[in-house]
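**Q**
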Amino acid sequence: MRPRVIVNCAMSADGKIASRARKQTRLSDEKDMARVHRLRNECDAILIGIGTVMADDPSLLVKKKYIEGKVRQPVRIVLDSRCRIPKSAKVLAGSAKTILAVTENHAKKVGNAEVLACGKGKRVDLNILLDKLAKRGVKKVLVEGGGETIWSFVKAGLVDTFIVFIGSRLIGGRSAPTPMDGEGFASEEEFAMLALKKTTITEGGILLEFRVE
Ligand SMILES: NC(=O)c1ccc[n+]([C@@H]2O[C@H](COP(=O)([O-])OP(=O)(O)OC[C@H]3O[C@@H](n4cnc5c(N)ncnc54)[C@H](OP(=O)(O)O)[C@@H]3O)[C@@H](O)[C@H]2O)c1
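If you count the sequence shown from 1, position 87 lands on 508 in the working numbering, and the numbers rise without skipping.
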């Protein structure tokens with residue numbers, strides 16, 4: 422059975438996950454940050470695309486200050502078809518394990534990361550990746566972005582839960598990234614259908630939790 426896939430992201434009130442400069446932008450409030458770290462701690466893996474590594478250089482670690490009890494530090498996964506991650510990337514350092522998902526012919530040693538070859542295509546084959554993760558005992562994967570990555574997971578029909586925090590900012594810009602970029606669906610029949618399961622209003626925004634039908 423493939424792992425359960427949860428997408429979590431934060432966007433501005435006008436639907437952007439960063440500005441047109443594509444740099445990390447804080448959109449969650451403190452209560453939501455705590456929720457994200459608790460969610461990370463419940464998952465077996467946290468996944469992002471190489472675009473987010475290049476733009477934001479996140480460490481993807483669970484911050485102890487948000488967790489009551491044991492911090493688990495899920496395995497960190499980067500979709501990086503051509504294995505172009507810089508050696509200095511924070512996601513390669515720290516106490517958690519890192520997996521680089523690459524395409525065949527691009528597998529090479531990068532620090533202490535485990536490299537998984539997933540398909541012969543131009544990009545990482547997500548079905549192969551999830552299959553390999555399931556064999557390693559991964560049951561729950563948290564996909565944190567960016568827009569190209571989330572699009573690929575939704576397009577492949579691999580998302581079970583879609584969570585979005587809408588913060589109190591307006592960012593604008595036709596080229597600013599959104600929760601789901603890629604080419605997008607053209608017709609209504611293709612749209613991914615969601616069922617709203619929960620809403621939570623916080624000081625700085627609103628959290629929407631959907632099941633993907
Ligand atoms: N607000 C939030 O919650 C949030 C969270 C995360 C990121 N962000 C923002 O999102 C932006 C980055 O997003 P992005 O869309 O440019 O990049 P991204 O989704 O992080 O990474 C996309 C890249 O991953 C690689 N990749 C490999 N296999 C893939 C596959 N099957 N499907 C999709 N991508 C695959 C591709 O590069 P290769 O072909 O070279 O492998 C692709 O260009 C930044 O501005 C960041 O700040 C916001």
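By construction, the Cβ of each residue, glycine as well, lies at the ideal position given by its N, Cα and C atoms.
Any idea what DSSP makes of K561, helix, strand or coil?
**A** Numbered from 1 along the sequence shown, position 140 holds the residue referred to as residue 561. Of the three classes helix, strand and coil, the one that applies to K561 here is strand, per DSSP.
**Q** Taking 6 Å as the cut-off, is the CB of T582 close to at least one heavy atom of ligand 1?
**A** Stepping through the sequence shown from its first residue, residue 582 is reached at position 161. Every heavy atom of ligand 1 is 6 Å or more from the Cβ of T582, so no.
**Q** Roughly how many whole angstroms lie between the Cα atoms of N429 and N462?
**A** The residue given as residue 429 occupies position 8 in the sequence shown. The residue given as residue 462 occupies position 41 in the sequence shown. Approximately 13 Å between the Cα atoms of the pair.
**Q** Count Cβ pairs between the stretch 443-462 and the stretch 500-512 that sit closer than 8 Å; are there 3 or more?
**A** The stretch 443-462 vs the stretch 500-512: no contact.
**Q** For I438, verify whether its CB is less than 6 Å away from any heavy atom of ligand 1.
**A** Residue numbering aside, residue 438 sits at position 17 when the sequence shown is read from its first letter. I438 Cβ: within cutoff of ligand 1.
**Q** Measure the alpha-carbon distance for D478 versus V512 and round it to whole angstroms.
**A** In the sequence shown, counting from the first residue as 1, residue 478 sits at position 57. In the sequence shown, counting from the first residue as 1, residue 512 sits at position 91. The alpha-carbon atoms of D478 and V512 are separated by roughly 7 Å.
**Q** With distances taken from CA atoms, which of L628, S433, Q445, G515 is nearest G593?
**A** Translated into positions along the sequence shown, residue 593 becomes position 172. Measuring from the Cα of G593, the nearest candidate turns out to be S433.
**Q** Starting from the C-beta of K444, find all residues in its chain whose C-beta is less than 8 Å away, skip the five residues before and the five after it, and write them out in chain order.
**A** Within the sequence shown, the letter at position 23 stands for residue 444. For K444, where only same-chain residues beyond five positions count, the Cβ hits under 8 Å are A476, D477.
**Q** Suppose you measure from the CA of S589 to the CA of E451; what does that come to, to the nearest Å?
**A** Residue 589 sits at position 168 when you count from the first residue of the sequence shown. Residue 451 sits at position 30 when you count from the first residue of the sequence shown. The alpha-carbon atoms of S589 and E451 are separated by roughly 13 Å.
**Q** Would you kindly work out how many angstroms separate the C-alpha atoms of G578 and G490, rounded to a whole number?
**A** Residue numbering aside, residue 578 sits at position 157 when the sequence shown is read from its first letter. Residue numbering aside, residue 490 sits at position 69 when the sequence shown is read from its first letter. Between G578 and G490, the C-alpha separation is close to 34 Å.
**Q** Hey, which unbroken runs of the alpha helix (DSSP H) at 4 residues or more fall wholly within the stretch 540-620?
**A** Here the runs fully enclosed are 547-556, 568-576.
**Q** With DSSP as the reference, label I427 as helix, strand or coil.
**A** For the purposes of this step, residue 427 is taken as residue 6 along the sequence shown, with counting starting at 1. Looking at I427 - three-state DSSP - the assignment turns out to be strand.
**Q** For V492, report the span of its beta strand (DSSP E) as first-last.
**A** Numbered from its first residue, the sequence shown carries residue 492 at position 71. Careful: V492 lies outside any beta strand (DSSP E) and carries neither H nor E.
**Q** Report, in whole angstroms, the separation of the C-beta atoms of A522 and V499, which I expect to be a contact under 8 Å.
**A** Start at 1 with the first residue of the sequence shown, and residue 522 comes out as number 101. Start at 1 with the first residue of the sequence shown, and residue 499 comes out as number 78. Contact holds; Cβ gap of about 7 Å.
**Q** If you follow the beta strand (DSSP E) that G470 is in, where does it begin and where does it stop?
**A** The residue labelled residue 470 in the question sits at position 49 within the sequence shown. Taken as a continuous stretch (DSSP letters only), the beta strand (DSSP E) holding G470 covers 466-470.
**Q** What does I520 pair with, by DSSP beta-bridge criteria?
**A** Walking along the sequence shown from the start, residue 520 turns up at place 99. Answer by DSSP bridge pairing, in chain order: I498, E535.
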